[in-house]
Amino acid sequence: MNILIRADASVQIGSGHIMRCLVLAQALMKQGHEVSFACRRQAGDLVELIQKRGFRVMTLIDPVQAPSLGSTLDYSSWLGVPWQQDAESLVSQAENIDLLIVDHYGINVEWETWVKGALGCKLFVIDDLVRSHCAELLLDQTLLREKQAYVSLGAAKRVLVGSDYALLAEHFPAAREAMLSKPATLNRPRVLLFMGAMDLPNVTLRVIEAFAQSGADKRPLLTVLLGKHARHYQQVREACIRAGGWVNHIEHVDNMAELMCQHDLAIGAAGTTALERACVGLPSIIIPLADNQKDICQNLVATNAVISLEIDKIEAELIVKYELLLADYRDFRNRNFAQCDGLGTRRVMQELNDLLNDTSSSLTLRKATVADIKQVYEWQIHPSTRQYANNPQSPGWQEHQIWMRKQLANPEHFFYFIVDCESHSDLGVVRLDRVARAEYVISIFIDPSQYGKKIAGKALALIDTLHGDVTIIAKVLKENVVSQRLFSSANYRQVSDDTFIREPLK
Numbered sequence: 001m002n003i004l005i006r007a008d009a010s011v012q013i014g015s016g017h018i019m020r021c022l023v024l025a026q027a028l029m030k031q032g033h034e035v036s037f038a039c040r041r042q043a044g045d046l047v048e049l050i051q052k053r054g055f056r057v058m059t060l061i062d063p064v065q066a067p068s069l070g071s072t073l074d075y076s077s078w079l080g081v082p083w084q085q086d087a088e089s090l091v092s093q094a095e096n097i098d099l100l101i102v103d104h105y106g107i108n109v110e111w112e113t114w115v116k117g118a119l120g121c122k123l124f125v126i127d128d129l130v131r132s133h134c135a136e137l138l139l140d141q142t143l144l145r146e147k148q149a150y151v152s153l154g155a156a157k158r159v160l161v162g163s164d165y166a167l168l169a170e171h172f173p174a175a176r177e178a179m180l181s182k183p184a185t186l187n188r189p190r191v192l193l194f195m196g197a198m199d200l201p202n203v204t205l206r207v208i209e210a211f212a213q214s215g216a217d218k219r220p221l222l223t224v225l226l227g228k229h230a231r232h233y234q235q236v237r238e239a240c241i242r243a244g245g246w247v248n249h250i251e252h253v254d255n256m257a258e259l260m261c262q263h264d265l266a267i268g269a270a271g272t273t274a275l276e277r278a279c280v281g282l283p284s285i286i287i288p289l290a291d292n293q294k295d296i297c298q299n300l301v302a303t304n305a306v307i308s309l310e311i312d313k314i315e316a317e318l319i320v321k322y323e324l325l326l327a328d329y330r331d332f333r334n335r336n337f338a339q340c341d342g343l344g345t346r347r348v349m350q351e352l353n354d355l356l357n358d359t360s361s362s363l364t365l366r367k368a369t370v371a372d373i374k375q376v377y378e379w380q381i382h383p384s385t386r387q388y389a390n391n392p393q394s395p396g397w398q399e400h401q402i403w404m405r406k407q408l409a410n411p412e413h414f415f416y417f418i419v420d421c422e423s424h425s426d427l428g429v430v431r432l433d434r435v436a437r438a439e440y441v442i443s444i445f446i447d448p449s450q451y452g453k454k455i456a457g458k459a460l461a462l463i464d465t466l467h468g469d470v471t472i473i474a475k476v477l478k479e480n481v482v483s484q485r486l487f488s489s490a491n492y493r494q495v496s497d498d499t500f501i502r503e504p505l506k
């Protein structure tokens, strides 16, 4: 299908909107869709990068006003022209668009309504400002965001919220597996400093200078990521050269996940890269650069996954907070892993496939919470569930609570409820327990009242979609003929009387 993405980058806007749209565009292109971008040419627009990644760029009418360099809340200026002119410029060039994706703080619901009507297409909006839209699908990947925030807005027919839907690049799930297996030990820490592609306040320079003045014994091995688009590039480059061997400056990276895996800690802003760092368990000091980054910063602080630092306190507090991060390194690392699993792009693609094909999945998987402990217990102790369990003895209530809370708190495991999409009823459980790098043991059981509805087979297909890149092992008693048939028909190879293996699918 023909998909058009409306997003911009600039010195003021930054690169984040374009970068997450590129992640989505590459996933869509892999499925055979025609994907192009509609962008405005301006300083820092990243048009050449988009083209380098293989996408056509539709150039919109030149800006008639320079974006405001004042408050980052002045989003109306980010479009560069009145919304009517932007909309008309896009519609005059767009042909046969099936899906329009919009990721732009400067675009409002009036623009969306007019363009959607003119093109006769479906609309998917990526936004985190909690405002009105007229979309079929809305994504707000803000950590801890609740759907309730959008109930009164009527923003979309379907709303996806939270870091489970974060648009991270395809390298991150494998990078996470590598970092989960990495020992949580430190010698001389390797620290990644990345304050975004533009870093208007020049925080990068101030962090380098704060470490330089701290004394050689406190300095980490620092990697500075800042490219030539940044206004203060030359100043930062010169500071890195002056610093000598403890600072390494790089201008660009194609694989951010790989770069993060080469480090022990990070200092950065609170955009999507904060979720990337969490995915690979990289403890961080977060320095919010923009008003729209405050929510994710506050939420990460609330989960005790990061330490925050105000811009005006860098010189006074950076070293103190860096040492706090080092002192509690192992726990910070584990709490980061718990905030984002890196599978968000796959989840969003499932939703987009339904939208593009006018289909509706009958089942979905949601992550279990402590509120599900009692329901899981009731299913666990049912005689039908215990009949073929590896341990036929029913657990006690206290024992079950301790076990499940431990499971939920372990970022190496996945604990899903199988849910009916229409009735929202809980139908069963499927778990993946990590036993080695990229290797999991699966456990699945269905509400006994739902037997005979082929729920387990559909749930295994959903697991294949989300976890197709790892090895999954199923232990099934040979007396359990029904379950043995289930796994035999679902990409699993029987390797012994009671063991089935599903190799990576991709």
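Quick note, the sequence shown lines up with residues 1 to 506 if you use UniProt numbering.
Don't be surprised by glycine CBs; every beta carbon is placed ideally from N, CA and C.
Close beta carbons around residue i, own chain, < 6 Å, minus the five adjacent residues each side
| i | result |
| --- | --- |
| F194 | L225, G268 |
| Y75 | Y105, G106 |
| R242 | none |
| A257 | H171, F172, A175 |
| I444 | V430, A456 |
| residue 516 | The chain is shown from 1 up to 506; residue 516 falls before or after that span and cannot be answered. |
| A166 | Q141, L275, C340, G344 |
| V130 | A149 |
| M1 | H33, D98, L356 |
| A184 | R330, R333 |
Residue i in three-state terms, based on DSSP
| i | result |
| --- | --- |
| R434 | strand |
| C39 | strand |
| S496 | strand |
| E412 | coil |
| R53 | coil |
| I463 | helix |
| Y440 | strand |
| G428 | strand |
| K367 | strand |
| M260 | helix |
| R206 | helix |
| N353 | helix |
Spatial neighbours of residue i in its chain, beta-carbon cut-off 8 Å, leaving aside the 5 residues before and after
| i | result |
| --- | --- |
| V435 | V441, I473 |
Inter-residue spacing [alpha-carbon to alpha-carbon] between residue i and residue j
| i | j | result |
| --- | --- | --- |
| G227 | W379 | 55 Å |
| L466 | R366 | 12 Å |
| A7 | Q93 | 16 Å |
| R502 | E351 | 25 Å |
| G428 | H252 | 46 Å |
| K406 | V495 | 30 Å |
| S384 | Q393 | 12 Å |
| Q398 | L275 | 35 Å |
| V35 | F211 | 44 Å |
| K182 | M404 | 25 Å |
| L22 | V57 | 12 Å |
| I402 | V320 | 37 Å |
| G70 | I18 | Legend: pLDDT at G70 = 49, less than 50; position of this residue unreliable, value from coordinates given subsequently. Those two C-alpha atoms are separated by around 21 Å. |
| P189 | L153 | 46 Å |
| L486 | S10 | 52 Å |
| L46 | A197 | 10 Å |
| I373 | V102 | 39 Å |
| A338 | S423 | 29 Å |
| V470 | D433 | 12 Å |
| K218 | C240 | 17 Å |
| E136 | K453 | 30 Å |
Test item: CB-CB of residue i and residue j under 8 Å
| i | j | result |
| --- | --- | --- |
| L119 | S89 | no |
| I296 | L143 | yes |
| R231 | L205 | no |
| D447 | K478 | no |
| L222 | V191 | yes |
| Q375 | D426 | yes |
| Q26 | R53 | yes |
| V348 | L123 | no |
| T345 | G16 | no |
| I287 | L363 | no |
| L309 | E315 | no |
| G44 | H249 | no |
| L138 | A149 | no |
Contact with chain C by residue i, beta-carbon distance below 8 Å
| i | result |
| --- | --- |
| S360 | Given the protein chain composition of this structure (a single chain), no chain C is represented. |
Rounded Cβ spacing between residue i and residue j (contact assumed at less than 8 Å)
| i | j | result |
| --- | --- | --- |
| A368 | Y416 | 7 Å |
| L180 | L356 | 33 Å between Cβ atoms; not a contact. |
| V236 | I311 | That belief does not hold up - the Cβ atoms of V236 and I311 are roughly 16 Å apart, past 8 Å. |
| V161 | E177 | Wrong, their Cβ atoms sit about 26 Å apart, outside the cutoff. |
| A270 | Q293 | 4 Å |
| H133 | E110 | Going by Cβ atoms, the distance from H133 to E110 rounds to 11 Å, so no, they are not a contact pair. |
Close beta carbons around residue i, own chain, < 7 Å, minus the five adjacent residues each side
| i | result |
| --- | --- |
| residue 507 | There is simply no residue 507 to check, as the chain begins at 1 and stops at 506 in what is shown. |
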